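All remarks here apply to the structure that follows.
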DNA sequence: TTGAAAGCGCTAACAT
DNA sequence: ATGTTAGCGCTTTCAA
């Protein structure tokens with residue numbers, strides 16, 4: 395751990411040249427400014443010797459750009475989001491950008507705070523997977539020149555979005571069962587006010603209605619006893635096909651089914667919206683709909699680059715296709 | 395989206411006061427400098443009206459501090475690390491710091507690059523969960539005035555570290571089985587060169603030796619057929635107690651056990667180092683050793699704050715205790 | 001009670 | 001081929 399940082403001026407001084415000469419050389423513009431090979435080498439060597447690292451703030455202040463993007467997510471410990479941030483970070487890194495990741499815990503107040511903070515830190519752009527209270531974000535976002543791309547959940551009809559068509563994808567699920575459902579059980583998490591979940595509920599419902607299949611809704615949580623009771627009730631009601639609207643809910647459902655000793659897929663079938671690493675290890679392995687996280691990440695970054703170019707290209711809503719992972723539970 | 399940012403000067407100009415007056419007021423030093431209530435109110439209102447956000451770079455340039463910390467991890471999509479970053483981010487946020495998270499994919503070259511990049515961005519400090527090639531980091535880290543705290547994996551004997559005693563914790567595992575093992579199967583991931591895994595292997599081995607229990611090692615991977623074969627082999631060899639050295643390996647092992655229709659815990663017992671959300675949903679639920687992620691995160695931040703104070707307090711290696719989650723597989 | 005001005009480290013237009 | 005200098009937006013010392 396060294397005690398002080400070397401500045402451009404230090405190099406200039408120790409070599410008796412001017413700061414600009416040093417700046418030119420260190421920015422690879424030596425040729426362009428016809429700086430002699432000798433001087434260049436001298437400067438480069440000195441810089442290495444003194445372990446010169448440019449001051450990011452001076453540069454930022456001067457250039458007005460930070461090469462930094464802010465990513466606002468509901469929960470970084472959710473595998474979907476952590477995969478997504480990984481994908482985004484990698485794409486961004488290739489383009490020379492760094493990434494601030496912040497986790498809001500699906501709390502709109504926190505979200506607003508964190509977005510303010512990111513703006514304060516002069517990120518060049520924002521990627522947001524919003525909680526529900528989007529209207530609250532509008533005024534803040536409207537007052538900053540920072541472009542925004544929405545991901546996973548649509549925040550603003552008129553801005554770029556990359557994600558999945560939750561409505562349609564869940565509607566399709568109803569047709570995927572190996573046996574035509576007599577009655578569908580729609581399993582959702584406690585917090586069904588999150589936009590994506592709402593869309594999935596609506597999508598599943600409408601598909602059932604279109605196919606004249608009766609359905610029933612239930613919310614499942616960590617409370618095992620409650621989940622078992624609810625599942626039993628539904629099966630008694632004649633439900634033979636379950637659509638779990640996210641992977642956590644699927645986990646709870648399968649656990650309940652195991653406890654109830656209901657055979658899958660013989661007696662009852664289940665499909666999960668969102669895959670999970672563990673699903674292939676279950677007995678039987680769980681069939682799931684998998685979102686193209688990496689694709690979403692890549693496309694998000696593409697959209698962002700477009701905005702950063704201040705291109706006038708129209709904003710787009712990009713709906714990526716999910717893939718159906720056929721295992722044995724459907 | 396507004397087109398231009400308001401600066402201090404804009405406010406000063408529109409109010410016909412000087413920049414310093416505005417600066418004083420906006421930094422809450424109005425009283426201290428005896429600025430009249432009227433002027434203060436005028437300035438505050440104008441700032442709000444023009445939606446003033448201070449320029450982070452100018453401030454940083456001036457003050458030399460960024461209030462930003464860099465976190466370097468092997469893999470953000472690994473639940474352990476994503477939980478950890480969440481905990482760290484939260485503690486840090488309370489103290490007014492923001493966090494850059496970067497994922498190295500356990501690749502030392504990438505790691506070095508990303509650390510360089512973080513230094514370039516003038517983070518105030520670094521938190522690193524290093525890959526193995528620590529010697530490579532030394533020179534870079536030695537040449538910067540930025541303090542480092544190591545987390546999860548020890549990078550430097552003489553610097554702060556927060557994590558878990560992998561050696562001792564895995565040694566204890568051997569005594570945890572409900573039946574004294576006749577022979578222990580030590581299950582590790584393909585890449586056993588990662589420091590934590592190596593320590594866990596050594597710890598388990600030594601415990602077996604001390605208790606005069608024979609043991610056998612095997613590496614498990616995604617390759618299901620191979621895993622099944624290896625597990626079968628070990629059971630034929632008399633192994634009745636498995637220690638899985640991380641949660642992925644445990645997943646593979648249990649899958650193999652299911653396929654082999656070996657009853658757990660009747661015929662064979664298994665414990666996983668590292669817990670997983672899914673473990674409680676298995677039949678039977680999987681017993682695991684759980685690392686105190688939140689505690690590790692909090693303590694890491696505490697260490698960091700100490701360093702940032704430039705306190706001369708001695709560097710510490712903080713070993714946090716794991717908790718044994720008794721479910722039914724041991 | 002307020003204003004002027006220096007200076008943080010860097011870039012680039014302009015001089016020489 | 002290289003040096004001088006203004007200015008990015010802010011804080012803070014000193015002067016008025």
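Chains as they are written, first to last, in the numbering used here: chain A, 395 to 724; chain B, 395 to 724.
Built from N, CA and C at the ideal position, the CB exists for glycine as well.
These numbers were taken from a predicted model, which means no experiment stands behind them.
Quiz item: Hey, is residue 483/B's beta-carbon within less than 8 Å of any beta-carbon in chain A?
Solution: yes
Practice problem: Could you list which residues in chain A have their beta carbon closer than 7 Å to that of residue 550/B, in chain order? | Solution: Residues of chain A passing the Cβ test: none, with the nearest at roughly 11 Å.
Quiz item: Would you report the Cα separation of residue 551/A and residue 474/A, rounded to the nearest angstrom?
Solution: 23 Å
Self-check item: Beta-carbon contacts of residue 416/B that lie in its chain and below 7 Å, excluding the five residues immediately before and after
Solution: 402, 405, 406, 437
Quiz prompt | Residue closest to residue 458/A, alpha-carbon to alpha-carbon, out of 672/A, 426/A, 540/A, 579/A | solution = 540/A
Quiz item: Does any C-beta atom of chain A lie closer than 8 Å to the C-beta of residue 480/B?
Solution: yes
Self-check item: Own chain residues within Cβ distance below 6 Å of residue 607/A, not counting five before or after
Solution: 575, 578
Quiz item: What runs of the alpha helix (DSSP H), each 4 residues or longer, lie entirely inside the segment 563 to 608 of chain B?
Solution: 589 to 604
Exercise. Please determine if the segment 695 to 708 of chain B and the segment 652 to 666 of chain B are in contact, where contact requires at least 3 C-beta pairs separated by less than 8 Å.
Key: no
Quiz prompt | Cβ shell of residue 429/A (< 7 Å), same chain only, five flanking positions each side left out | solution = 415, 418, 419
Quiz item: Since residue 558/B is in the beta strand (DSSP E), which residue starts that stretch and which ends it?
Solution: 554 to 558
Practice problem: Consider the Cβ of residue 539/A: report whether some Cβ of chain B lies at a distance smaller than 8 Å. | Solution: yes
Quiz item: Once you ignore the five residues that flank residue 499/B on each side, which residues in its own chain have a CB closer than 8 Å to its CB?
Solution: 468, 469
Quiz prompt | residue 685/A classed as buried or exposed, judged by whether at least 16 other C-beta atoms fall within 10 angstroms | solution = buried
Quiz item: Of all Cβ atoms in chain A, is any one closer than 8 Å to the Cβ of residue 452/B?
Solution: yes
Quiz prompt | Burial state of residue 456/B (16 or more Cβ within 10 Å) | solution = exposed
Exercise. Give a yes or no on whether the minimum CB-CB distance between residue 439/A and chain B is below 8 Å.
Key: no
Self-check item: Cutoff 7 Å; reference residue 517/B; Cβ partners in own chain excluding five residues on either side
Solution: 460, 462, 463, 464, 494, 540
Practice problem: Say whether chain A places a C-beta atom closer than 8 Å to the C-beta of residue 496/B. | Solution: yes
Quiz item: Relative to the alpha-carbon of residue 703/A, which residue among 616/A, 613/A, 519/A has its alpha-carbon at the smallest distance?
Solution: 519/A
Quiz item: In whole angstroms, what is the alpha-carbon distance linking residue 619/B and residue 683/B?
Solution: 27 Å
Quiz item: For residue 654/B, which three-state DSSP category applies?
Solution: coil
Practice problem: Check whether the Cβ atoms of residue 581/A and residue 647/A lie closer than 8 Å to each other. | Solution: yes
Practice problem: Let me know the secondary structure DSSP gives residue 356/B once reduced to three states. | Solution: Past the boundaries of the shown model lies residue 356/B; chain B is included only from 395 to 724, so the question cannot be answered.
Quiz item: residue 511/A CB to nearest chain B CB: under 8 Å?
Solution: yes
Exercise. For chain A, find out if any of its Cβ atoms is closer than 8 Å to the Cβ of residue 466/B; answer yes or no.
Key: no
Exercise. Report the three-state DSSP secondary structure of residue 636/A (helix, strand or coil).
Key: strand
Quiz item: Nearest CA to the CA of residue 668/B: which residue from 678/B, 677/B, 687/B?
Solution: 687/B
Quiz item: How close, in whole Å, do the beta carbons of residue 690/B and residue 656/B come, if the pair is a contact with beta carbons under 8 Å?
Solution: About 35 Å separates the two Cβ atoms, so there is no contact after all.
Quiz item: Residues of chain A with a CB under 9 Å from the CB of residue 417/B: which are they?
Solution: Simply none; closest approach about 16 Å.
Self-check item: Contact list for residue 648/B against chain A, beta-carbon separation under 9 Å
Solution: 675
Quiz item: Tell me the DSSP bridge mates of residue 494/B?
Solution: 494/A, 464/B
Exercise. Out of 426/A, 489/A, 433/A, point me to the one whose CA is closest to residue 408/A's CA.
Key: 433/A
Quiz item: Under a Cβ-count criterion, where at least 16 other Cβ atoms within 10 Å of its own Cβ denotes burial, should residue 426/A be classed as buried or exposed?
Solution: exposed
Self-check item: Closer than 8 Å to chain A by CB, residue 521/B
Solution: no
Practice problem: Compare the C-beta of residue 477/A against all C-beta atoms of chain B and say whether one is closer than 8 Å. | Solution: yes
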